[in-house]
Every structure is written in structure tokens, then in C-alpha cells.
């Protein structure tokens, strides 16, 4: 078996997700994931530190995507517009990984400690966006509020997208939630 | 020692917070907390299941306060106004416990697992508020967005209040953050 197996990461992700949903997260071993993917444990550990990493290894990439999309907007962009632009960049990225994102969510929802880890991921994401806005000269509390509001929209839109009975465009759900947030906060 | 020691809960909370900050959370034992408070371990366990409970036993009370304050607003109140009214009820409750809230925050910030627990608490709070709004006839995603936006304001305002060099009125900081959120979301 070659050192870099083509598509190994995706095969391991798919196998892990199947097993997590079939048997539960705790009951699944790395050996079983590797075997289901037709790979060795050694190959598994080339891609992931442990089985939890299969669920969270994308967190850094997602944060990088968010932060660089905020940074890519013109300097004069209003903070919430910069966050909205970042959400528009992130949406197709998750849409593309739709089946994985959806099964991943099912696994996470079923386990308290994975849910906690997911909340930490979202909180880190909000902090990173707020820091990026501050670097662009946005004052506090506007920077943190725009970042937290953006993550609130992301969270609510993601749940709606996941629960929808039909195939929805995630970017469209995000846009609707951004519009609704504007309406909701304006009435206060 | 009587079964119900007067002020025992407060003495235990104060002793625990002192020890957590002096020695670290992990290094502190229940026996030491009880001893510092001049009480027995048995008395400690009448009030708290373990040392982590000293930090989180107020979560249920806070959620109850939030939810009942939302419910107490007139039925026709806009969702964000109902959330703002709840924040105005919660603010003096935390202001009164200012020293405890502040030291508690220092302990939590210093420990990853306690921070995770705090994020879970805030996420549960948002879910409870959203559920209360839905029971009052608020549709989704407005209910979840108003609840998440309210918790975002609570979180950002709490940090500002804690970090302020002088004594600030927490209710006033919340009002400012609510106003700022409105401005931030309106520009988008």
C-alpha cells in the first residue's frame, strides 16, 4: 500500500461516518474505520490524530476560509457586510460537502461531548472573525457583535438547511436568515 | 453543626472561588473548600454535587429568570424586545453578584473544559429562549435568531463589563450593545 493512497482521506471520512451512525461514536474503533475504508490503521494516522479528528479536522480550513473572505472585502466595507460576504464564500464550500456535513451533524447531535467541541469551534470562529474586523479598524463592541451575529446566522441557517425535507441552496438559506436578523433587530 | 448552616452556600462559593484562583481548579479539593469555609465536607455535598457545581449551579436559575422574563412581556411584544426585556431583568441579578461573577469568570477563562461547559450553558439558554418565543407564536427563523442575537449581546456585554477598569452598570452595557447590534445589522 503506497504512502499516499489516492482519495484516502475521503474514503476514511466516509467509512468513519457510516460506522459512527451504525454503531455509535464510542463503539467505533480506528481499526474498524480503516478496515471499512480498505486501508490500514497506519494510513488512518497519516491523516487524523484520532477518530474525533475525522469530525473536526475541517475546522481550521473553515476558519481560514472565513477569515480570508472577511479580509478580502474592501477596507471601507461595513462590518456586517464583510461577515455576510464571508458567509457567501463559506456556503458553497459546505454545500459541496453536503452529504458529509449532514451525516457529521447527525453524529455530533447524538453526543454531548462532540456537541461541546462543536460549540467551541463556533466560538473560536467568532473570535477569529472579531479579531480580523478589529485589525481592519472596526471598534468594539461592533466587531464582536458583527462576528457573533454572523455565527448566529451561520448556526441557525445550517440547522434549517439540514432539517429541510428537500435540497435547499445553503447560500440562499443564509441570505434569508441575514435578512430576517435585520428585521428582528430593527424592531427592537 | 446544624443540618442547614446559615449562609453556608455563600461561604462555600466564596471559599471555592478563592481556592480556585489561588491554586487552580484541578488542584483544589472539596475537603479544602469545606475547611476554608469552616464547614464539613458533608455540608458541602448538601449544596453541590461536586466542585464544578459551585461554578454552574446558578445556570438553572439564570435560565429560569430569562425564560420567565420573556414570558412576562405582553403577547404582542416583538421578539427582540421580549429578549431585551429579559436582559434588563437578568442584568441586576448578575450586578448584585458582581464579585462572584467576576471571579467565576476568571476561573472559567483559565480552564478549557470549564469554558466548554460555559458555552454549553449559553447555547442551552439560547435554545430555551427560542422555544419560549415559539410558544408565543414567533415563527422560525425569527425565534432562534432573536434568541441567538440576545445571547450574543449578553456574552459581548458581559465581557465588556468584566474588563472595564471601573464599576460599570451591567444593564447600561447591555443597552449599549443592543443599540450597537441594531446599528451593525442595519448597515448590511
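Protein chains in written order, with UniProt numbering: chain Z, 1 to 188; chain R, 1 to 188.
Quick reminder that beta carbons are idealized off the backbone N, C-alpha and C, glycines included.
Everything numeric in this text was worked out from a predicted model, so none of it was measured.
- In this structure, the beta-carbon distance from residue 153 (chain R) to residue 129 (chain R) does not fall below 9 Å.
- The beta carbon of residue 20 (chain Z) sits closer than 7 Å to those of 28 and 107, all from its chain and outside the five residues before and after it, given in chain order.
- Residue 25 (chain R) is classed as buried because its beta carbon has at least 16 other beta carbons within 10 Å across all chains shown.
- Between the stretch 174 to 186 of chain R and the stretch 64 to 71 of chain Z, the count of C-beta pairs closer than 8 Å stays below three; the two stretches do not touch.
- With respect to chain Z, the C-beta atom of residue 185 (chain R) has a partner C-beta closer than 9 Å.
- In this structure the stretch 111 to 118 of chain Z does not lie against the stretch 131 to 142 of chain Z, because fewer than three pairs of beta carbons, one per stretch, are closer than 8 Å.
- Counting only residues of its own chain and dropping the five nearest sequence neighbours on each side, residue 143 (chain Z) has a CB closer than 7 Å to the CB of 79, 130, 133 and 134.
- For residue 30 (chain R), the enclosing alpha helix (DSSP H) stretches over residues 30 to 36.
- Contact between residue 156 (chain Z) and residue 141 (chain R) holds, since their C-beta atoms are separated by about 5 Å, short of 8 Å.
- Counting along the chain, residue 81 (chain R) sits inside the alpha helix (DSSP H) bounded by residues 79 to 96.
- Neighbourhood of residue 135 (chain Z) in chain R, by CB distance below 8 Å: empty, with the nearest CB roughly 17 Å away.
- At a Cβ-Cβ threshold of 9 Å, residue 38 (chain Z) and residue 87 (chain Z) do not count as neighbours.
- The alpha helix (DSSP H) runs of length 4 or more contained entirely in the UniProt domain "HTH tetR-type" (6 to 66) of chain R are, from start to end of the chain, 8 to 23, 30 to 36, 41 to 47 and 51 to 56.
- Going by DSSP, residue 133 (chain Z) is part of the alpha helix (DSSP H) stretching over 112 to 135.
- By the Cβ-count criterion, residue 185 (chain R) is buried, with 16 or more other Cβ atoms from all chains shown falling within 10 Å of its own Cβ.
- Within chain R, the C-beta atoms nearer than 8 Å to that of residue 180 (chain Z) come from 141, 142 and 145, in chain order.
- Interface annotation, residue 151 (chain R): in contact with chain Z, CB-CB separation under 9 Å.
- When the Cα atoms are used, residue 30 (chain R) and residue 162 (chain R) turn out to be separated by approximately 27 Å.
- C-alpha of residue 48 (chain R) to C-alpha of residue 103 (chain R): approximately 18 Å in a straight line.
- Residue 119 (chain Z) has a beta carbon lying within less than 9 Å of a beta carbon in chain R.
- Interface flag for residue 72 (chain Z) against chain R is unset, since no Cβ pair is found closer than 9 Å.
- Per DSSP, residue 145 (chain R) is one residue of the alpha helix (DSSP H) stretching across 142 to 163.
- Close to chain Z, meaning a Cβ-Cβ distance shorter than 9 Å, are the following residues of the stretch 100 to 116 of chain R: 112, 113, 115 and 116.
- R:147 is the residue among R:147, R:170 and R:22 whose C-alpha sits nearest the C-alpha of residue 126 (chain R).
- Just measuring C-alpha positions, the residue of R:75, R:172, R:124 and R:165 sitting nearest residue 60 (chain R) is R:124.
- Interface criterion not met: the Cβ of residue 88 (chain R) is under 9 Å from no Cβ in chain Z.
- Linking residue 63 (chain R) to residue 33 (chain Z) through their CA atoms gives a straight-line distance of about 41 Å.
- With 16 or more other CB atoms across the displayed protein chains lying within 10 angstroms of its CB, residue 16 (chain Z) is buried.
- Residue 14 (chain Z) and residue 166 (chain Z) have their C-alpha atoms some 22 Å from each other.
- Inclusion of residue 93 (chain Z) and residue 65 (chain Z) in the CB contact set at 9 Å is warranted, their separation being smaller than that value.
- DSSP places residue 173 (chain R) in the uninterrupted alpha helix (DSSP H) bounded by 170 to 186.
- Interface flag for residue 165 (chain R) against chain Z is unset, since no Cβ pair is found closer than 9 Å.
- With a threshold of 9 Å between beta carbons, residue 78 (chain Z) makes contact with chain R.
- For residue 183 (chain Z), the closest alpha carbon among the candidates R:164, R:145 and R:54 is that of R:145.
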